[in-house]
Structures are given as C-alpha cells and as structure tokens.
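Just so you know, we're using UniProt numbering here: the sequence shown kicks off at 1 and counts up by one.
In this text, a Cβ means the ideal position worked out from N, Cα and C, and glycines have one as well.
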Amino acid sequence: MSDTASEYACYILNKYFGEAATVSTHILCVKGSSIPVEEQHSYVEALGTTVTTLVKTNVLQIVNPKLWSVESNKETNVSAVPSRTAEAPVHVNVSESEMQIPKDDICVKSLKLVVCPNIKTLETMWRDRLICQLASEKLGEICGDILSHLLCIATAANRGTGITSTESGAVSRSELLRSMRIVPDHISSYISLLIDDEVERKVLLPQSDFRRILPRMVSMGLITTTELSRTKEYTADTIFCLYSINLLQVARLVIELSQHEVYRISLRRDYEFSQKSRLIEQRYRIESLILQHQAKLNEYNESSSSASLNDSNESESQHKESIESLKSSITPSELHQLTVLSDKLSKLINCEYKCHTAWFVADLFLRLHS
C-alpha cells in the first residue's frame with residue numbers, strides 16, 4: 001500500500017470510527033506482517049475474548065447506533081440501510097426496553113451494535129487505583145495490596161463502590177484472607193494502620209510555612225475566617241478567629257490549574273515533535289524496512305529445503321546485510337537527539353498524567369458535594 005493510500009485509509013477510519021479504530025488497524029497490520037497465519041488467528045481470537053470479557057465486566061458497554069431526529073422523545077429513530085434502488089430510507093421506532101440485550105447474547109447480536117467505554121466503570125477503577133497507590137506511598141506496599149483486595153471484593157459484590165459512592169460496603173476478615181494467595185505476617189497491624197483516624201498528623205504544615213501561606217490563602221478565598229468573642233464585648237483580648245478551608249473553591253482552582261497545565265504540556269509536546277519531525281519519520285521508515293527484511297528472513301527459515309539451499313543462503317545474507325546497513329544509517333548524533341527527545345516526552349507524559357489525576361480528583365469531589 002502506498003503512503004497516499006495509507007494516509008487516506010487512516011483518515012477514513014478516524015473520521016467514521018474514531019482514533020481507536022486507526023490504532024487497532026495499524027497494530028494488526030504491523031503484527032500481521034511479522035507473525036505466521038496460525039498466530040494471527042490466535043491473536044484475533046484472544047482479542048475477541050478480551051473484548052467479550054471487558055463487556056461482561058462492564059468496562060465496555062454495548063449501545064445501539066442512534067440517529068436523533070429534530071423532535072426529542074423517548075424513542076430512538078434507527079435508520080435502516082437503503083437498498084441500491086431509489087427507495088427512501090425506512091425509519092423504525094425502537095423502544096428502550098427492546099434495545100436492552102442480555103450479556104449472554106453478545107456474540108450473537110453484536111454485529112449491529114456499537115461497543116464504547118463505560119466511563120463510570122473506568123472512573124471507578126481509576127479512583128480505586130489512586131487510593132491504593134496513595135496507601136502504598138504513605139503506609140507501604142502491603143497496606144496498598146490489602147486495600148486493593150478490599151476494594152476488589154466490594155466491587156465484585158457490588159457493595160456501593162460506584163463513582164458517586166461516599167463509602168463502600170463492609171468486607172469481612174474471612175473474605176479478605178480467602179482472596180489473598182499469601183497472607184502477610186502481622187496483617188492485623190497493617191489493617192490497624194489503614195483504619196487510623198489521625199490523618200491530620202501526616203498532612204499538617206510546619207508553623208513557619210503556615211504563617212507565610214495563610215494570608216495568601218485568605219485573600220484568594222481558599223480559607224474563610226469567622227471571628228468570635230469569649231464575652232459580649234468584642235475586644236482584642238476576647239476575640240478569637242476560626243479558620244475553615246473552602247474545599248469547593250480549592251477544587252475549582254485545582255481544575256483550572258490542571259486544565260491550563262494540560263494545555264501547556266500539549267503545546268510543548270507538539271513543539272518538540274515539530275523540531276525533530278524529520279528524524280522521527282526517518283526512524284519509522286528504517287524500522288518498517290527492518291521489519292520487512294526480518295519477515296522475509298522468517299519466511300526463508302520456514303520454507304528452506306535442500307534443493308534451494310544455496311539460493312536461500314544468498315537471500316538470507318542479503319537481507320542480513322540490508323538490516324545491518326539500515327541499523328547503521330542513523331548517525332550517533334541523531335541517536336543522541338532521539339534519546340533526548342524520548343526523555344523529554346516521557347517527562348511530559350508523566351506531568352500530563354499527574355495533571356489529569358489532580359483534575360479527576362477535584363472533579364470527583366465537586367460531583368460528590370454538588
């Protein structure tokens with residue numbers, strides 16, 4: 001396939017099916033050129049099994065394609081595919097109850113359906129992962145593993161672990177021990193660390209930093225003050241001040257800053273790519289040519305016979321020489337530039353992940369308190 005045809009195919013896939021279809025097709029094309037036919041079939045079967053498992057666990061959800069009309073009603077107008085004649089398309093009214101399909105019939109009736117991510121399930125998984133990661137960082141990996149088992153048990157039993165749930169259902173000690181392959185020593189001590197209520201002892205600011213930051217936080221509206229008096233008269237000796245944190249304002253500020261940082265990171269990433277676009281394209285072309293030569297070598301190794309032994313040896317040597325020449329076509333300075341670029345991009349990706357995490361936590365807090 002030429003470069004023009006490949007770009008047009010990617011454009012069509014991205015326009016009608018989204019970016020995921022483009023990436024999936026590219027992965028299948030790359031893997032298909034380097035693995036045998038039997039492994040291609042097993043890869044496709046494993047891919048189908050994985051999609052079915054994700055649907056049954058509500059990570060992916062099945063929806064019917066909808067063509068909304070101008071009139072908004074509870075019924076969905078589904079346009080049938082027009083025939084080759086000049087007949088007008090037929091609109092069929094399907095009620096919402098008829099659109100619900102059992103999960104056991106997924107493989108039978110999935111051709112006319114659309115599979116999309118279940119946002120609530122993915123958000124719940126992300127929230128649980130952040131909770132376990134925080135427990136591992138503050139209390140140790142064993143505490144994080146115990147908390148992960150607790151959340152998995154509550155999620156599997158559907159004990160109030162939705163994205164808008166303020167607390168999960170109770171999990172017994174016997175259920176926790178049965179779910180663990182190896183029970184850690186002193187598990188009771190680790191559980192007591194997880195239920196420790198003295199959280200403020202771990203997050204309090206030093207007094208010097210507090211005095212420096214407090215006026216700025218009050219002026220920004222992040223902290224509110226309430227003045228009270230010990231007596232009926234308000235004097236300097238009787239007045240004392242109560243401080244309270246405006247968590248809603250803090251969450252909104254975190255979302256605003258996170259959105260700004262994500263935008264700046266995306267601009268920086270595009271700039272880094274544009275500066276090294278020639279090297280990146282050259283690297284991709286060289287890697288694709290190396291994959292083609294390696295695929296030819298695999299074919300020669302599988303179909304080698306005694307009759308054509310000399311011809312196969314010459315072809316193998318030519319392909320090996322081509323691979324070595326392609327690997328040496330990039331100069332050390334260019335390799336150094338690509339290494340520096342990959343380091344910068346990895347740092348940008350890490351920063352973007354942290355910004356998205358802060359954005360997600362603040363947005364979840366606003367949803368829980370709205």
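For residue i, which residues of its own chain have a beta-carbon under 7 Å away from its beta-carbon, when the five flanking residues on both sides are left out?
i: L345; result: R269, E272
i: V218; result: T225
i: I142; result: P184, Y190
i: A368; result: For the sequence presented, residue 368 should be read as Leu rather than Ala. T164, T166, listed in sequence order.
i: T231; result: T238
i: R127; result: I163, L364
i: A358; result: V254, S258
Any idea what DSSP makes of residue i, helix, strand or coil?
i: A315; result: Looking at the sequence shown, residue 315 is not Ala but Ser. Residue state, collapsed to three classes: helix.
i: Q349; result: Note that residue 349 is Ile in the sequence shown here, rather than Gln. Here I349 sits in helix by DSSP.
i: Y243; result: strand
i: L214; result: helix
i: E227; result: strand
i: L60; result: strand
i: V262; result: helix
i: P184; result: coil
i: V250; result: helix
i: V171; result: coil
i: S79; result: Reliability fails at S79, whose pLDDT of 42 lies under 50, so the model's placement of it is uncertain and the value that follows must be treated cautiously. S79: strand per DSSP, three-state reduction.
i: S274; result: helix
i: R367; result: helix
Considering Cα atoms alone, identify which of the options is closest to residue i.
i: L176; options: I163, T166, T164, A157; result: A157
i: I62; options: V51, H336, C116, L134; result: C116
i: E352; options: S258, P332, E299, N64; result: S258
i: L348; options: L267, I290, F365; result: L267
i: A295; options: S322, E233, L247; result: S322
i: D363; options: K56, E123, E45; result: E123
i: L194; options: P332, L139, E233; result: L139
i: V171; options: L150, R178, S179; result: L150
i: N58; options: F360, E45, M125; result: M125
i: F360; options: L297, K56, I131; result: I131
i: I265; options: S328, V114, K354; result: K354
Apart from the five residues just before and just after residue i, which ones in its own chain have a Cβ nearer than 8 Å to its Cβ?
i: K276; result: Q337, L338, L341
i: S110; result: Because S110 sits at a pLDDT of 43, beneath the cut-off of 50, its placement in the model cannot be relied upon, and the following sentence gives the value as read from the coordinates. Excluding sequence neighbours, S110 sits near I62.
i: Q133; result: G144
i: R283; result: I330, L338
i: residue 371; result: The requested residue 371 is not part of the displayed model; the chain covers only 1 to 370.
Look at the alpha carbon of residue i and the alpha carbon of residue j, and state the distance between them as a whole number of angstroms.
i: V262; j: R252; result: 15 Å
i: C152; j: E281; result: 44 Å
i: S188; j: S168; result: 20 Å
i: S315; j: V51; result: 41 Å
i: A154; j: H356; result: 26 Å
i: T166; j: I330; result: 56 Å
i: A135; j: I146; result: 9 Å
i: S148; j: L54; result: 20 Å
i: Y300; j: P332; result: 32 Å
i: R178; j: R129; result: 21 Å
i: A236; j: R211; result: 20 Å
i: R181; j: S192; result: 21 Å
i: S208; j: R216; result: 14 Å
i: H186; j: R173; result: 14 Å
i: S42; j: N64; result: 29 Å
i: S288; j: G221; result: 56 Å
i: K56; j: T49; result: 11 Å
Quick one: measure Cβ to Cβ for residue i and residue j, integer angstroms, because I've assumed they're closer than 8 Å.
i: I255; j: I223; result: Actually they are not in contact, since the Cβ atoms of I255 and I223 sit about 18 Å apart, beyond 8 Å.
i: N118; j: L60; result: 6 Å
i: L242; j: L228; result: 6 Å
i: L279; j: E324; result: 20 Å between Cβ atoms; not a contact.
i: I286; j: L248; result: That pair is no contact at about 53 Å.
i: G162; j: K120; result: 7 Å
i: H293; j: H319; result: 5 Å
What does a CB cutoff of less than 6 Å around residue i pick up in its chain, not counting 5 residues either side in sequence?
i: L366; result: A251
i: I239; result: E227, S229
i: S317; result: none
Would you verify that the beta carbon of residue i is, or is not, closer than 8 Å to some beta carbon of chain B?
i: W126; result: Of the chains in the structure shown, none is chain B; there is only one protein chain.
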